[in-house]
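Student:
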Amino acid sequence: MEMDVWNHLINGFATAGTPANLMWAFVGCALGTATGVLPGIGPATAVAMLLPITAKVDATASMIFFAGIYYGAMYGGSTTSILLNTPSNSSSMVTAMEGNKMAKSGRAGAALATSAIGSFIAGTFATVVVTLFAPMLARYAVQLGPPEYFMLMLLAFTTVSAVLGQSTLRGLVALFIGLGIGLVGMDQITGQARYTGGVPELLDGINIVLVAVGLFAVAEAMHVVLFEGKQIRHEHKLTRVTMSRADWRRSIPAWIRGTAIGAPFGCIPAGGTEIPTFLSYAVEKNLAKGSNREEFGTVGAIEGVAGPEAANNATVTTAMIPLLTLGIPVSNTTAVMLGAFQNYGIQPGPQLFTNSAALVWALIASLYIGNVMLLVLNLPLVGLWVKLLKIPRPRLYAGILIFSTVGAYGMRQSMFDLFMLYGIGVLGLVMRRFNIPSAPVVVAMILGPLAEAQLRNAMSIGEGSAMVFLQRPVSVIMIFVVIGVLVLPRILKKRGVVL
Amino acid sequence: MLDDRSRRYQTAIAVGTMLLALAMGYVALSIPSDAGYAGVGPNFLPWVVSVSLLLCSGFMIYEVRTGGFREMEEASSGDAHPFWLGFAWMSAGMLGGAALIDTIGFVLSCTLCFVFAARGLREAEGESLRGWKPWFTDVISGLLISAPVYWVFGMFLAIKLPGLTQSGWL
Chain A
519 MEMDVWNHLI
529 NGFATAGTPA
539 NLMWAFVGCA
549 LGTATGVLPG
559 IGPATAVAML
569 LPITAKVDAT
579 ASMIFFAGIY
589 YGAMYGGSTT
599 SILLNTPSNS
609 SSMVTAMEGN
619 KMAKSGRAGA
629 ALATSAIGSF
639 IAGTFATVVV
649 TLFAPMLARY
659 AVQLGPPEYF
669 MLMLLAFTTV
679 SAVLGQSTLR
689 GLVALFIGLG
699 IGLVGMDQIT
709 GQARYTGGVP
719 ELLDGINIVL
729 VAVGLFAVAE
739 AMHVVLFEGK
749 QIRHEHKLTR
759 VTMSRADWRR
769 SIPAWIRGTA
779 IGAPFGCIPA
789 GGTEIPTFLS
799 YAVEKNLAKG
809 SNREEFGTVG
819 AIEGVAGPEA
829 ANNATVTTAM
839 IPLLTLGIPV
849 SNTTAVMLGA
859 FQNYGIQPGP
869 QLFTNSAALV
879 WALIASLYIG
889 NVMLLVLNLP
899 LVGLWVKLLK
909 IPRPRLYAGI
919 LIFSTVGAYG
929 MRQSMFDLFM
939 LYGIGVLGLV
949 MRRFNIPSAP
959 VVVAMILGPL
969 AEAQLRNAMS
979 IGEGSAMVFL
989 QRPVSVIMIF
999 VVIGVLVLPR
1009 ILKKRGVVL
Chain B
367 MLDDRSRRYQ
377 TAIAVGTMLL
387 ALAMGYVALS
397 IPSDAGYAGV
407 GPNFLPWVVS
417 VSLLLCSGFM
427 IYEVRTGGFR
437 EMEEASSGDA
447 HPFWLGFAWM
457 SAGMLGGAAL
467 IDTIGFVLSC
477 TLCFVFAARG
487 LREAEGESLR
497 GWKPWFTDVI
507 SGLLISAPVY
517 WVFGMFLAIK
527 LPGLTQSGWL
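Line order of the protein sequences matches chains A and B. Each residue of the first sequence is one higher than the last, beginning at 519 in the numbering used here. Each residue of the second sequence is one higher than the last, beginning at 367 in the numbering used here.
1. Could you work out which residue in Asp722/A, Leu655/A, Leu662/A is closest to Ser932/A when comparing CA atoms only?
2. Could you check what DSSP says for Glu970/A in three-state terms: helix, strand or coil?
3. Can you find the residues in the same chain that come closer than 7 Å, C-beta to C-beta, to Val924/A, ignoring five residues on each side of it along the sequence?
4. For Glu753/A, does the three-state DSSP call read helix, strand or coil?
5. Name the one or two DSSP bridge partners that Arg479/A has.
6. How is Leu421/B classed by DSSP in three states: helix, strand or coil?
7. Which complete alpha helix (DSSP H) runs does the segment 524 to 595 of chain A hold, if anything under 4 residues is left out?
8. For the ligand GDP, is there any heavy atom lying closer than 6 Å to the beta carbon of Ser372/B?
9. Are the CB atoms of Leu556/A and Val727/A nearer to each other than 7 Å?
10. Look up Leu536/B in the DSSP assignment and say whether it is helix, strand or coil.
11. By a C-beta neighbour count over all protein chains shown, 10 Å radius and 16 as the cutoff for buried, is Pro840/A buried or exposed?
12. So, for Thr645/A: in the same chain, excluding its five sequence neighbours on each side, which residues have a beta-carbon less than 8 Å away from its beta-carbon?
13. For Ile571/A, tell me which candidate among Ser623/A, Ile846/A, Gly546/A has the shortest Cα-Cα distance.
14. Could you have a look at Leu877/A and say whether DSSP puts it in helix, strand or coil?
15. When you compare the CB of Ile427/B with every CB in chain A, is at least one pair closer than 7 Å?
16. Note the first and the last residue of the continuous alpha helix (DSSP H) segment covering Val479/A.
17. State the CB to CB distance for the pair Ala656/A and Val959/A, rounded to an integer number of angstroms; the pair is presumed to be in contact (CB under 8 Å).
18. Is the number of C-beta pairs between the segment 902 to 919 of chain A and the segment 657 to 666 of chain A that are closer than 8 Å three or more?
19. Mind listing which residues of the segment 467 to 493 of chain B have their C-beta closer than 9 Å to chain A's C-betas, in chain order?
20. Take every Cβ of the segment 792 to 807 of chain A, pair it with every Cβ of the segment 818 to 837 of chain A, and state whether three or more of those distances are shorter than 8 Å.
21. So which of Leu1010/A, Val1000/A, Gly594/A has the shortest CA-CA distance to Ser679/A?
22. Please decide whether Thr708/A counts as near chain B, where near means a Cβ-Cβ distance under 7 Å.
23. If we ignore side chains and look at the alpha-carbon of each, how far apart do Val742/A and Tyr940/A end up?
24. State the Cα-Cα distance for the pair Trp517/B and Leu523/B, rounded to the nearest angstrom.
25. Roughly how many angstroms lie between the CA atoms of Ala441/B and Ser372/B, to the nearest whole one?
26. In the DSSP assignment, find the alpha helix (DSSP H) that holds Val904/A and state where it starts and stops.
27. Give the C-beta separation of Ala380/B and Met426/B to the nearest angstrom, bearing in mind that I take them to be a contact with Cβ-Cβ under 8 Å.
28. Less than 7 Å between C-beta atoms, sequence neighbours within five positions excluded: which residues of the same chain meet that for Val759/A?
29. Which two residues bound the contiguous alpha helix (DSSP H) that contains Asn831/A?
30. Between Arg974/A and chain B, is there a C-beta pair that is closer than 7 Å?
31. Using a Cβ-Cβ distance under 7 Å, would Pro412/B count as near chain A?
32. Terminal residues of the continuous alpha helix (DSSP H) containing Asn409/B?
33. State yes or no: is the C-beta of Leu509/B within less than 7 Å of the C-beta of Thr531/B?
34. Hey, Asn539/A and Ala880/A are a contact pair by Cβ (cut 8 Å); roughly how many whole angstroms apart?
35. In whole angstroms, give me the CA-to-CA distance for Phe934/A and Ser922/A.
36. On the three-state DSSP scale, how would you describe Leu395/B?
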C-alpha cells in the first residue's frame, strides 16, 4: 500500500510538472495571492468568476489552477490583514489582531515573514497528511451507502450553519435559503421542474457562479458604495521582511502547534477556519510567559501571528480530504471547486481515486509545488503585492464588477443571468447588513441537491422507511455526532468556557 | 435596547423571510408527491425548506420583540446612513450594462458599468467631481480593463463574449 501511494505521487508530479501545468499552478498562485491581498475579493469569488474556463481548459489543468487560487489567497490574505486595518477575509481576522499591532510598532516585516514561512510549513505538512490519509479514507468511504452519506451531509449542514458564526438562527435562515436556491430547476431523479415559475432560463437551476459572485463580489461593492465611503483606510509601513534569531525561536514552536491544531479540523466535514485559528491564538496566548505575554494585545506578539497562520493553512489544505474523498465541501471555496468538478461531469467521492487517479494525484502534487511557489511569491516579492493596496477604491470595486460580469455572462451568454446577478447582489447586501452569514447559502445550494438524492436513495433502500438510518451502525454514530455538535457548544458556553 | 429604525428593519427581514416561506409552501402544494419506492418524492424537500423557514421567521419575530436580533456585530462596520445616490449610480451601471450587452458588445457595456459604478464610489468618498476629467479617466480605465479581458477570454479561452463588431477586437 505504501508503495502504491509513492508511485501514484511520482506520477502526479510527472503530470503536474509539465510546463503547461506548472504555468497554470503559477498563474493560479499569483492570482490567488492577488485576490487575497485585494480587499473585497476572496478565493471563492475568484474561482467562481473563472469557472467558465472549464468549458475549454482540461480538467487537470483547471483544478491545479483553482487549487492555486484557493491556497494562494490564504497567503495573500495575511499580508493585507497585517498591513491594513481591515482584514480581507474572516480567516485572517486572528492574524490581524496581533499582526496589526506588530506592524504598528514597526515590525511588519517580521510578521509577514513568520506568516509566510508558517503557512509554508503548515501547508506542506498538511499536504503530506492529504497524501497519506486521503487514499486510506477513500478506500474506507467506498463502503458507505446513501444513508451514511446523507448523514455526513447533514453534519456538514449543521456545522456550517449552527456552529460557525454568531447566531444559530441566522445561520439556519441562510442554510434554508441556500437549500431553496438549490431546489430551483429540474429535480434530478424525476425530472420534475420546481420553482422555475415557467422561466426557461431557470430549468437548469441557478448556477453557483451567479450565487458566489453575487453574494460576495457584487454585494461587497454595493456595501462599500452605500456604507463605507467615508471610512478611512490606514496602511502600515512595510519594513524589511526578515526575522531575528529570537523571532525564529518563538515562531517555530508556534508553527508546529498551529499545524497540529489546524490539520485535524480540515479532515472532518465540519470545516471553517475560524475555530482552529482562534483556538491556536488562545493556546499561544496562554503558553506565553513574561514579557512575551505582555506583547499580546499591546505591541503585538509574534506567536499570535505564527500559530494562527499555520493553523489556518493546515485546515485549508486538509479540507481537500473531505472534498476529494467524500465530495463534501465545507467552505465557500471548496463548494465552488465542487461546482468546477461537476462542470466536467466528475463527482468527487471515493471513486475519484480510482476513476480519476491521474487528476487527483496531479492535484495533490501541485499542492507541494504551489507551496514552494507561494513562499517565493510572498517573501522576496511581497513588496510587489503591497502595491495592489494602493489601487484607489472606486477603480478597484468598479473593476471587480467587470470581472463579475465576465464570470456571470461567460457561462452561457445570457442577459438574464446578469439581471439575476444584480438581484443576488442585493440579497447578499441585505444579508450582510443583518449579519446573516453567506457561507451556509453557498454550501447548501451545492450540497442540497446531492443530499436530497442521497436521502431518496437511502429511503428506497429502506423501502420507504426512515428506520434505515437507525439500522446501520455508522449512520447511528453520525446521528449522535450531529446531536453532539449541536448540543456540546451550548453546554460549554453555559458553563462559561470560552473558545 | 433597539432603536425604532433598527426594529423596523429587523421586523421587515423577519416578515420577508416569512413571506418567502409561505410562497415556497404555496408552490410546493403543486409539486407532485409521486414517491416511488423512496417514500419521499420531489415535493419533500420543498416542504422541509418552507416549514423550516417559517419556523425561523417566527423565532426572528420573537427576537425582534424581545430586544432585537441576538449577537449582532456593533453597527456592522461603516456609516449608519446609506449613501443612496452612489448606490443608484452603481445600479444604473450594472443594469444598464446588462441591458445593452447584446447590442453594444462586451467591451463597451462593461466600460459603461465601470464608469457609472466608479462615479457612485467617487461620490461616496466625497471627491469633488467637476468637469470632464474624472469621466475621461474612468472611461479610459474601464476600456483598459475590459478590452484585455475580452481578448483573453475570446482568443485564448474561446469563451464567446459578444462584440460590437465581428472582428474579435471590439
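Positions of the beta carbon are idealized from the N, C-alpha and C atoms, including for glycine.
Tutor: The short version:
1. By 1-based counting over the first sequence, the position of residue 932/A is 414. Nearest C-alpha to Ser932/A: Asp722/A.
2. Position 452 of the first sequence, counted from the first residue, corresponds to residue 970/A. DSSP, reduced to helix, strand and coil, places Glu970/A within a helical segment of the structure shown.
3. As a first step, residue 924/A is located in the first sequence; it is residue number 406 there, counting from the start. Only Met567 meet the Cβ criterion.
4. For the purposes of this step, residue 753/A is identified with residue 235 of the first sequence, where counting begins at 1. In the structure shown, Glu753/A sits in a strand (DSSP, three-state: E or B).
5. Residue numbering for chain A in the displayed model covers 519 to 1017; residue 479/A lies beyond these limits and cannot be assessed.
6. Counted from its first residue, the second sequence places residue 421/B at position 55. DSSP places Leu421/B within a helical segment (H, G or I) once states are collapsed to three.
7. Annotation: the segment 524 to 595 of chain A contains the following complete segments of the alpha helix (DSSP H) (minimum length 4 residues), in chain order: 537 to 555, 561 to 568.
8. With respect to small molecules bound, the structure shown includes none, and the ligand GDP cannot be examined in it.
9. The residue you call residue 556/A lines up with position 38 of the first sequence. The residue you call residue 727/A lines up with position 209 of the first sequence. No; because the gap between Cβ atoms is not below 7 Å, this pair is not in contact.
10. Residue 536/B sits at position 170 when you count from the first residue of the second sequence. The three-state reading of DSSP puts Leu536/B in coil, since its state is none of H, G, I, E or B.
11. Counting from 1 along the first sequence, the entry for residue 840/A is found at position 322. It is buried - the Cβ of Pro840/A has at least 16 other Cβ atoms within 10 Å.
12. For the purposes of this step, residue 645/A is identified with residue 127 of the first sequence, where counting begins at 1. Correct list, in chain order: Thr835, Ile882, Leu885, Tyr886, Asn889.
13. As a position in the first sequence, residue 571/A is number 53, starting the count at 1. For the set Ser623/A, Ile846/A, Gly546/A, the Cα lying nearest the Cα of Ile571/A is the one of Gly546/A.
14. Along the first sequence, read from residue 1 onward, the residue named residue 877/A stands at position 359. In the structure shown, Leu877/A sits in a helix (DSSP, three-state: H, G or I).
15. The sequence position of residue 427/B within the second sequence is 61, counting from 1. Put simply, the CB of Ile427/B is far from chain A, with every gap to its CB atoms at 7 Å or more.
16. With chain A represented from 519 up to 1017, any question about residue 479/A goes unanswered, as that position is not in the structure.
17. On the first sequence, residue 656/A is found 138 positions in, with the first residue counted as 1. On the first sequence, residue 959/A is found 441 positions in, with the first residue counted as 1. Going by Cβ atoms, the distance from Ala656/A to Val959/A rounds to 29 Å, so no, they are not a contact pair.
18. Touching, no, given that fewer than three Cβ pairs across the two stretches are closer than 8 Å.
19. Taking a C-beta cut-off of 9 Å against chain A, the contacting residues of the segment 467 to 493 of chain B are Ile467, Asp468, Phe472, Ser475, Cys476, Thr477, Cys479, Phe480, Val481, Phe482, Ala483, Ala484, Arg485, Gly486, Leu487, Arg488, Glu489, Ala490, Glu491, Gly492, Glu493, listed in chain order.
20. With the cut-off at 8 Å, the segment 792 to 807 of chain A and the segment 818 to 837 of chain A touch.
21. On the first sequence, residue 679/A is found 161 positions in, with the first residue counted as 1. It is Val1000/A whose Cα lies nearest to the Cα of Ser679/A.
22. As a first step, residue 708/A must be located in the first sequence, where it is residue number 190. Taking CB atoms only, Thr708/A has a neighbour in chain B less than 7 Å away.
23. If you number the first sequence from 1, residue 742/A lands on position 224. If you number the first sequence from 1, residue 940/A lands on position 422. For the pair Val742/A and Tyr940/A, the Cα-to-Cα distance works out to about 15 Å.
24. Position 151 of the second sequence holds residue 517/B. Position 157 of the second sequence holds residue 523/B. Roughly 9 Å separates the two Cα atoms.
25. For the purposes of this step, residue 441/B is identified with residue 75 of the second sequence, where counting begins at 1. For the purposes of this step, residue 372/B is identified with residue 6 of the second sequence, where counting begins at 1. Because the pLDDT at Ala441/B is just 48, under 50, the model does not fix this residue reliably, and the value given afterwards should be weighed accordingly. If I take the Cα positions, the gap works out to 10 Å.
26. Within the first sequence, residue 904/A is the residue found at index 386, counting from 1. In this chain, the alpha helix (DSSP H) harbouring Val904/A covers 900 to 904.
27. Along the second sequence, one-based indexing puts residue 380/B at 14. Along the second sequence, one-based indexing puts residue 426/B at 60. Contact between Ala380/B and Met426/B holds: CB atoms are separated by about 4 Å, below the 8 Å threshold.
28. The residue labelled residue 759/A in the question sits at position 241 within the first sequence. Contacts found: Gly627, Leu630, Ala631, Leu897, Val900.
29. Taking the first sequence and counting its residues from 1, the one referred to as residue 831/A is at position 313. DSSP places Asn831/A inside the alpha helix (DSSP H), whose first and last residues are 821 to 836.
30. Indexing the first sequence from 1 puts residue 974/A at position 456. True, the Cβ-Cβ gap to chain B drops below 7 Å.
31. On the second sequence, position 46 is the one that residue 412/B refers to. Output row for Pro412/B: interface = yes.
32. Position 43 of the second sequence, counting from 1, holds the residue named residue 409/B. Annotation for Asn409/B: no alpha helix (DSSP H) segment contains it, and DSSP assigns it neither H nor E.
33. Here residue 509/B refers to the residue found at position 143 when the second sequence is read from its first residue. Here residue 531/B refers to the residue found at position 165 when the second sequence is read from its first residue. Contact check for Leu509/B against Thr531/B fails: the beta carbons are separated by 7 Å or more.
34. Sequence index remark: in the first sequence, residue 539/A carries index 21 (1-based). Sequence index remark: in the first sequence, residue 880/A carries index 362 (1-based). With 8 Å as the limit, Asn539/A and Ala880/A qualify as a contact, their Cβ atoms being about 7 Å apart.
35. If you number the first sequence from 1, residue 934/A lands on position 416. If you number the first sequence from 1, residue 922/A lands on position 404. Approximately 14 Å between the Cα atoms of the pair.
36. Residue 395/B sits at position 29 when you count from the first residue of the second sequence. In the structure shown, Leu395/B sits in coil (DSSP, three-state: anything other than H, G, I, E or B).
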